[in-house]
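In the working numbering, each number is its position in the sequence shown, counted from 1, plus 125.
Glycine is no exception: its CB is placed at the ideal position from the N, C-alpha and C atoms.
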Amino acid sequence: MTAGLLLSGLRGPPARVSVKHPGCLAPCRRARCLSHMSAGEIRRRYVDFFVRNGHSPLESAPIVPKGDRSLLFTNAGMVPFKQYFVDPSTAPHRLVTTVQKCVRAGGKHNDLDQVGFTPRHHTFFEMLGNFSFGAYDKRAAIHMAWRFVWEELKLPADLLRVTVLESDSEAHAIWTGDIGLDPRRVVRRGPADNFWSMGAGEGPCGPCTEIFWDTKDPRYAEDDEERWLEFWNLVFMQFHRDADGQLRPLATPCIDTGMGLERVASIMQGKSNNFDTDEFQIIIDGIRRLERPAAVHALAPGRALAYRRIVADHLRAAAFLIAEGVYPSNTGRGYVLRRIIRRAVRAGRMLGIDGPVLPALYPSLDAAMGSAYPMLTERLGPITEALRAEERIFAKALDGGMAHLERIFACAAGASPRTVSGADAFALYDTHGFPVDLTQIIARDHGWSVDVDGFSRLQSESRQRSRASWRGGSPATGSMAGELDAAATTWCEDGVASRFCGYGIDPEANTAAVESRVVAFRALPNGDGLAVIDPCPFYALGGGQEADMGTVTVASNCGGGDSGNPAREFVVRRAVAVPGGQLTVVHLAAAAEMQHMFGTGQPVSAAVDMARRRGNAVHHTATHLLHAALRRVVGGTVAQAGSLVHPGGLRFDFTSGALSDEQLREVERVVNDAALSNADVSVSDMPLAEAQAMGAMALFTEKYSADCVRVVQVPGMSAELCSGTHLRSTRAVFPFQIVSEGSIGAGTRRIEAVAGVAGAAWLQEQAAHARDAARVLGAAAPSDLRAKAQRAIDRNRALSSAADGWLRVAAVNAKAVATRATALGAAAIPAVIHLMPPSEHSTAGDGNVPRFVAERACHIRNTQPQSAHVVICGKAVALAVSTDRFPGVAAGGLLRELFRKLPGRGGGQGALAQGQLASAVTHAAQLAALEDVPA
């Protein structure tokens, strides 16, 4: 909304207010004083009000949208209900109210760069919403909104304005007639401001009306847009925009409203800035207690305030993302989280906060929001551990990156324009893990800018090189996904559905065939086919479990063919569940040419590959037992962060610190004891509330139906919400063996394990390896391996130590066949190139060449510190520089400068860098590319 024209015609004395209070016929001019209302009370009042008005209260959906590939994060209250606006008949409730957790950072909805520098931009925020899927119209929506504003918030009407779409005379009449607002307080605006749609494409859309609050900010005139705060948007989903842009009335109009909690809190608490509201101030008070006054006083005016707000906002976003299973990484949502954490850490450093910034502030966040979101308290351990681990990683990068930037600033002092090049910005990102927006903030603090276009170009080139070097996967994957999406969209629109009947199959059975019928079929360009059969016994990829395989057999007399022909069997490559639809699509090999056999209603026999199904069931049940064992051995703070179940093993990601060998052995023992107990595995359907009451574990990243969930339980051991296939008893899980355990990111560990038949095969393989190793080391039995191996290691260390001694002697006494003086870097650091002959190191063996050149470079640097020294032997190169003589100069940077003239690659930092040249240098003439400098 462009508020600059909001009050056209209202300059001068304030207009008289004539508002009809609900239930009163006479105009009401009641004076009102705002009563302070906490954020927690606003949440409660909002939900209670709409529950009293017939709405069903739903928990906030996950921040990571379930089944919506168009968004990184849930960025608005309506996102979880998009499918219901398209087809209201599928909504489980016709009236809904929520307090939705939202994140706007990364992707096209990105507020990250503005946070801290404006009053109301946030990465994490809460959206209060009430929704109607065909239950009431705009009149009822406006009346309820006004009642909440008037009865619950008690906002003075003379400080409110509303906008409507210029052509929406109905909404205008409701505001001026039913509600009784002065017509001059109801402003008509164009579609750019008051028509809402889900992007520019087809889908539900409609006019909206927005409610504004007069902040009375004395810095702005009454008609200045900065003075007016839009806090509630009511969208009337009346139309469907076709692919050609035509608007057609919806058969069932819907209502979608959204009110920003932080904005309403600022109104009710008389604050001009969201960061001054109660929950933010609890966190910011914690920041003030940790910051150092000397560091704060050294900052430019206004910077300390911005840094406090960055830390407070980013702590909220990071904590909620980690709580829901997002962890720092270099891709996707994990990279957005990494950027958020690193911006916060840098801001905390600027305030003088020593040690881990965000873990130290977490108690303040818990005090502010833990009562509203108990998961913040329940998951305090894994959240703070993930934050601490990411800060440790970044602390090292921050020091190196800041040194790199300081050199750039120093070398270009007085230069114009003061711009960090795209190459330098990319080097900071690639080498030091600096997100480009963090480089921009630091550059801005120094009065510099960043060549973001140059950075983006280099980043794009790097990604293209990475893709070009990747050799995994199938080149047809993208086109296959497109074919599947197209088929699924058509079938969902046509109401095609199938029933999954695979839960009834006994995983111990040798065969499992189900009589079924073809519901739909689509030939693929590669000769395969996609089919929907009903009922369908094939479990589709989902819930961390790989899909079933098997066969579909078509009768011999189908399609009008000769009944004398044998039945035709087609291999099922995979089964895929279509999000939002009640159908499973089966991918059939080499079925396109036989599509005449797949007519609608054609009987088929669907047989599941039971060896594969059994392997999946063994490892899925083992995954539940492993999860329970980890919580028992390591502690209740362990939370699942991802999993993969396949016939040959399992992978389980979880939040925790490193596990000791003793803990891993105990986890194995607990799982194997549970397996040998031969306990029954029970599966039952029940309401979500009942499952939660019995303590069943659920993933924060999953979205569950409140009416019915599937609970898989091993009595006394485990109870989880799960849609996968499982054993009937735990016996077949034995033997369970952990194959590996390690870190996959900050605060996240991964266990890979095998169980059952796969576990026995793995143990046999390890026993064979042990026998082979015993023979090689001369051990009488595998039990003697440790002693034999230790003696071999001791001998190797002694030989290596002797070789190192000879190598150092050779490095000290070696003579170069040629030297050349030059200068490196923008600061023209004097350097001497030393070309060594191959004969100098021949006795040490070619494998020691890199060590030889490094030892030689360090020796010359220590004896001649007035220059940097480069030692080249064949392709091996090492550069050493005295950091005492040249403070702020890093050997790695100088080596990169050398590679501009002598192509190669390598790296390092501080006093020594090493690498490899693209071509061996054996003659002095090959150094001609280097500019001579008088020695």
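contact_flag[the stretch 443–457, the stretch 416–435] where n(CB pairs < 8 Å) is 3 or more: Too few Cβ pairs lie closer than 8 Å, so no.
Less than 8 Å between the beta carbons of residue 314 and residue 351, yes or no? No, these two residues do not count as a Cβ contact at 8 Å.
Please go through the stretch 611–653 and give each complete beta strand (DSSP E) segment of 3 or more residues, from N-terminal end onward. Complete beta strand (DSSP E) runs here, min 3: 638–648.
One or two residues paired with residue 659 in a DSSP bridge: BP columns for residue 659 point to 642.
Using the Cα positions of residue 403 and residue 354, report the straight-line distance between them to the nearest angstrom. 19 Å
Buried or exposed for residue 391, please, with buried defined as at least 16 other CB atoms from any protein chain shown within 10 angstroms of its CB. buried
Considering just the uninterrupted stretch of the alpha helix (DSSP H) at residue 239, what are its terminal residues? Unbroken run through residue 239: none, as it is neither H nor E.
Any chance the stretch 274–289 sits against the stretch 411–423, with 3 or more Cβ pairs inside 8 Å? no
Candidates 1031, 379, 550, 562: which alpha carbon is nearest residue 469's? 562
In three-state DSSP terms, what is residue 889? helix
Which value, in whole angstroms, describes the spacing of the CA atoms of residue 652 and residue 715? 5 Å
Contacting residues, own chain, Cβ-Cβ under 6 Å from residue 742 (five flanking each side not counted): 632, 850, 851, 852
Inter-residue Cα distance where the pair is residue 946 and residue 475: 42 Å
Grouping DSSP H, G and I as helix and E and B as strand, with all else coil, what is residue 573? Three-state DSSP puts residue 573 in coil, outside helix and strand.
Would you call residue 1050 buried or exposed, if buried means 16 or more other Cβ atoms sit within 10 Å of its Cβ? exposed
Looking at the structure shown, is residue 245 part of a helix, part of a strand, or coil, going by DSSP? If DSSP states are grouped into helix, strand and coil, residue 245 belongs with coil.
Terminal residues of the continuous beta strand (DSSP E) containing residue 310? It is not in any beta strand (DSSP E) - residue 310 carries neither H nor E in the DSSP assignment.
Residue 996 versus 675, 272, 1005, residue with shortest Cα-Cα distance: 1005
According to DSSP, simplified to helix, strand and coil, what is residue 851? Reduced to three states, the DSSP call for residue 851 is coil.
Which one or two residues does DSSP pair with residue 868 in a beta bridge? Answer by DSSP bridge pairing, in chain order: 874.
Residue 195: which of 866, 458, 412, 345 sits nearest, CA to CA? Taking the Cα of residue 195 as reference, the smallest distance to any Cα among 866, 458, 412, 345 is reached at 458.
Measure from the alpha carbon of residue 838 to the alpha carbon of each residue in 831, 817, 888, 923, then state which is nearest. 817
Taking 8 Å as the threshold, find out whether the stretch 1011–1019 comes into contact with the stretch 912–931 through three or more Cβ pairs. no
Between the stretch 237–246 and the stretch 258–274, do three or more beta carbon pairs fall short of 8 Å? Judged by Cβ distances under 8 Å, the stretch 237–246 makes no contact with the stretch 258–274, as fewer than three pairs qualify.
Counting C-beta neighbours from all protein chains within 10 Å, is the total for residue 548 16 or more, i.e. buried, or is it exposed? exposed
Over the uninterrupted beta strand (DSSP E) stretch that includes residue 489, give me the two end residues. Element bounds for residue 489: not the beta strand (DSSP E) but the alpha helix (DSSP H), 483–494.
Report the partner residues of residue 286 according to the DSSP bridge assignment. 337
Going by the DSSP bridge assignment, what does residue 862 pair with across the sheet? 879
Measuring CA to CA, which of 1028, 1052, 463, 480 is closest to residue 1041? 1028
According to DSSP, simplified to helix, strand and coil, what is residue 958? strand
Output the boundary residues of the alpha helix (DSSP H) element that contains residue 1061. It is not possible to answer for residue 1061, since the shown part of the chain is limited to 126 through 1060.
If we require 3 or more residues per run, which beta strand (DSSP E) segments fall completely within the stretch 351–391? 353–366, 372–385
Starting from residue 712, trace the beta strand (DSSP E) both ways and give me its first and last residue. 709–713
Sequence-distant residues of the same chain with beta carbon closer than 6 Å to residue 983, five excluded per side: If we look at residue 983 and ignore the five residues flanking it on each side, its Cβ neighbours are 1005.
Between the alpha carbons of residue 985 and residue 976, how many angstroms are there, rounded? 14 Å
Decide if residue 727 is buried, meaning its Cβ has at least 16 other Cβ atoms within 10 Å, or exposed. buried
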